[in-house]
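Residue numbers (this note's numbering): 3 to 299. Okay, structure first, notes after.
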């Protein structure tokens with residue numbers, strides 16, 4: 003059995019994977035409730051049975067991974083693969099960026115795991131996962147021989163450049179993540195005079211309060227533009243997959259016209275990018291699936 007851990011800025015999700023995508027012994031802990039990852043790991047081991055059966059571990063983390071180490075971007079935890087391996091009795095440990103784990107799941111997602119924003123058949127090329135939640139992230143799944151590999155980045159920290167007609171409302175925003183995240187949507191709505199101060203309230207009020215509605219429209223068109231730019235940058239003609247807590251709520255209330263208009267407005271590449279299928283990942287644990295299938299070593 004493989005220990006699977008998906009670490010975000012808010013929650014730490016633990017489970018056991020059977021190697022075929024099945025999960026058991028699932029637990030979720032608030033990151034803020036523990037001083038370190040190893041403390042949370044000990045809480046999970048104490049709450050689950052048969053800790054001695056763990057033969058390997060796959061960990062995804064919301065932050066840049068380098069040299070088997072990651073500092074979470076939106077939380078104080080530091081995770082080191084070598085230290086985790088020792089803690090578990092010297093088992094093999096894989097440590098990747100959280101969106102890399104999601105990207106590894108993309109070739110294995112089926113109809114029950116997805117809802118089409120723009121239908122189509124996944125192409126043979128690269129596929130892009132974009133997450134909007136506590137932060138903004140993306141990674142691309144790339145065919146490699148008979149399997150797949152994943153390449154992550156930190157696109158949330160790219161500089162944000164508003165269009166001319168967005169400058170009045172968005173000119174103060176410095177980075178992509180400062181808008182395309184839960185706190186970003188709330189901050190935007192507040193700046194526009196909305197009574198809503200967080201993303202859930204903005205989405206709930208978007209159809210009844212003009213300021214919240216305008217915040218949602220701007221958020222939607224910027225999301226489309228940035229996602230389309232990332233498709234171009236990565237050559238992800240095989241498909242775009244949106245995921246994350248904000249996406250889950252946004253999908254139910256957003257008018258998709260501004261998203262598609264900005265996603266496809268790519269000059270000479272407009273016709274090509276308009277053919278890219280776009281899905282919302284409705285499966286709740288795509289990172290766990292990717293970790294369960296990840297090659298270690």
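Ideal Cβ placement from N, Cα and C applies to all residues, glycine included.
Point to revise | From 132, 119, 112 and 190, residue whose alpha carbon lies closest to that of residue 100 | key: For the purposes of this step, residue 100 is identified with residue 98 of the chain shown, where counting begins at 1. When the alpha-carbon of residue 100 is set against those of 132, 119, 112 and 190, the nearest one is in 132.
Point to revise | Own chain, CB closer than 8 Å to residue 50, minus 5 neighbours either side, in chain order | key: Residue 50 sits at position 48 when you count from the first residue of the chain shown. Here the set comprises 16, 18, 27 and 29.
Practice item. Please report the residue range of the alpha helix (DSSP H) in which residue 73 lies. Key: On the chain shown, position 71 is the one that residue 73 refers to. It is not in any alpha helix (DSSP H) - residue 73 instead sits in the beta strand (DSSP E) that spans 71-73.
Exercise for review: Compare the beta carbon distance of residue 109 and residue 129 with 9 Å and say whether it is the shorter of the two.
Suggested key: Position 107 of the chain shown, counted from the start, is the residue given in the question as residue 109. Position 127 of the chain shown, counted from the start, is the residue given in the question as residue 129. Contact flag set, yes.
Check your understanding: What's the call for residue 117, buried or exposed, on a 16-neighbour Cβ count within 10 Å?
Key -> By 1-based counting over the chain shown, the position of residue 117 is 115. Exposed, by the Cβ-count rule.
Exercise for review: Express the C-alpha separation of residue 140 and residue 155 in angstroms, rounding to a whole number.
Suggested key: Against the chain shown, residue 155 aligns to sequence position 153. Against the chain shown, residue 140 aligns to sequence position 138. The alpha-carbon atoms of residue 155 and residue 140 are separated by roughly 6 Å.
Practice item. Determine the closest residue to residue 145 out of 95, 240 and 134, with distance taken between C-alpha atoms. Key: Looking up residue 145 in the chain shown gives position 143. Comparing alpha carbon positions, the residue from 95, 240 and 134 closest to residue 145 is 240.
Point to revise | Cα-Cα separation between residue 148 and residue 103, rounded to whole angstroms | key: In the chain shown, residue 148 corresponds to position 146, counting from 1. In the chain shown, residue 103 corresponds to position 101, counting from 1. Distance between the alpha carbons of residue 148 and residue 103: 18 Å.
Check your understanding: Which residues share a DSSP beta bridge with residue 152?
Key -> Within the chain shown, the letter at position 150 stands for residue 152. For residue 152, which the question treats as bridged, DSSP gives the partners 143.
**Study point:** Nearest-angstrom Cα separation, counted from residue 179 out to residue 84
**Key:** The residue labelled residue 84 in the question sits at position 82 within the chain shown. The residue labelled residue 179 in the question sits at position 177 within the chain shown. The C-alpha of residue 179 is placed about 30 Å away from the C-alpha of residue 84.
Check your understanding: Based on the DSSP output, what are the partners of residue 283 in its beta bridges?
Key -> Position 281 of the chain shown, counting from 1, holds the residue named residue 283. In the DSSP assignment, residue 283 forms a beta bridge with 116.
Check your understanding: Mind pulling the alpha helix (DSSP H) runs of 4 or more residues that sit fully within the stretch 3-74?
Key -> Segments of the alpha helix (DSSP H) lying fully in the stretch 3-74: 39-49.
**Study point:** Nearest candidate by alpha-carbon position, reference residue 252, set 267, 46 and 119
**Key:** Counting from one through the chain shown, the residue named residue 252 turns up at place 250. Of the candidates 267, 46 and 119, the residue whose Cα lies closest to the Cα of residue 252 is 119.
Check your understanding: Cα-Cα, which of 98, 90, 56 and 77 is closest to residue 71?
Key -> To locate residue 71, count along the chain shown from 1; it is residue 69. Here the closest residue by C-alpha is 98.
Review point. If you count every other CB in all the chains shown that lies within 10 Å of the CB of residue 223, and 16 or more means buried, which is it?
Key: Working through the chain shown from its first residue, we reach residue 223 at position 221. Under this definition residue 223 is a buried residue.
Check your understanding: Any idea which residues DSSP pairs residue 161 with across the strands?
Key -> As a first step, residue 161 is located in the chain shown; it is residue number 159 there, counting from the start. 177, per the DSSP bridge assignment.
Check your understanding: Three or more beta-carbon pairs under 8 Å between the stretch 217-232 and the stretch 257-265, yes or no?
Key -> Yes, the stretch 217-232 touches the stretch 257-265.
Point to revise | Expected contact under 8 Å - CB spacing of residue 142 and residue 238 to nearest Å | key: Here the question's residue 142 lines up with position 140 in the chain shown. Here the question's residue 238 lines up with position 236 in the chain shown. Yes, they are in contact, since the Cβ atoms of residue 142 and residue 238 sit about 6 Å apart, within 8 Å.
Check your understanding: In three-state terms, what does DSSP make of residue 93?
Key -> Sequence index remark: in the chain shown, residue 93 carries index 91 (1-based). Here residue 93 carries a coil assignment [DSSP, helix/strand/coil].
Exercise for review: Using beta-carbon positions only, say whether residue 111 and residue 285 come within less than 9 Å of one another.
Suggested key: Here residue 111 corresponds to residue number 109 of the chain shown, with the count starting at 1. Here residue 285 corresponds to residue number 283 of the chain shown, with the count starting at 1. Closer than 9 Å, so yes.
Review point. DSSP on residue 98, reduced to helix/strand/coil?
Key: Position 96 of the chain shown, counted from the start, is the residue given in the question as residue 98. In the three-state reduction of the DSSP assignment, residue 98 falls in the strand class.
Point to revise | Distance, residue 194 Cα to residue 25 Cα | key: In the chain shown, the residue the question calls residue 25 occupies position 23. In the chain shown, the residue the question calls residue 194 occupies position 192. A straight-line Cα-Cα distance of about 43 Å links residue 25 and residue 194.
Check your understanding: Quick one: what's got a C-beta closer than 7 Å to residue 76's C-beta in the same chain, skipping five residues either side?
Key -> Counting from one through the chain shown, the residue named residue 76 turns up at place 74. Closer than 7 Å at the Cβ level, and outside the excluded window around residue 76, lie 11, 64, 136 and 137.
Review point. Hey, how far is the Cα of residue 191 from the Cα of residue 298?
Key: Here residue 191 refers to the residue found at position 189 when the chain shown is read from its first residue. Here residue 298 refers to the residue found at position 296 when the chain shown is read from its first residue. When rounded, the distance between both Cα atoms is 44 Å.
**Study point:** Proximal residues to residue 215 (C-beta, below 6 Å), its chain only, five neighbours per side dropped
**Key:** Here residue 215 refers to the residue found at position 213 of the chain shown. Here the set comprises 208.
Practice item. Could you tell me which residues DSSP puts in a beta bridge with residue 131? Key: Stepping through the chain shown from its first residue, residue 131 is reached at position 129. In DSSP, residue 131 forms a bridge with 141 and 243.
Review point. How about residue 39 and residue 80: do their beta carbons lie closer than 9 Å?
Key: As a first step, residue 39 is located in the chain shown; it is residue number 37 there, counting from the start. As a first step, residue 80 is located in the chain shown; it is residue number 78 there, counting from the start. Taking 9 Å as the cut-off, the beta carbon of residue 39 is found closer than this to the beta carbon of residue 80.
Check your understanding: Skipping 5 residues on each side, what residues in its chain have a beta carbon closer than 6 Å to that of residue 205?
Key -> The residue labelled residue 205 in the question sits at position 203 within the chain shown. Non-local beta-carbon contacts of residue 205 in its own chain, meaning distances under 6 Å to residues more than five positions away in sequence, involve 251 and 255 in chain order.
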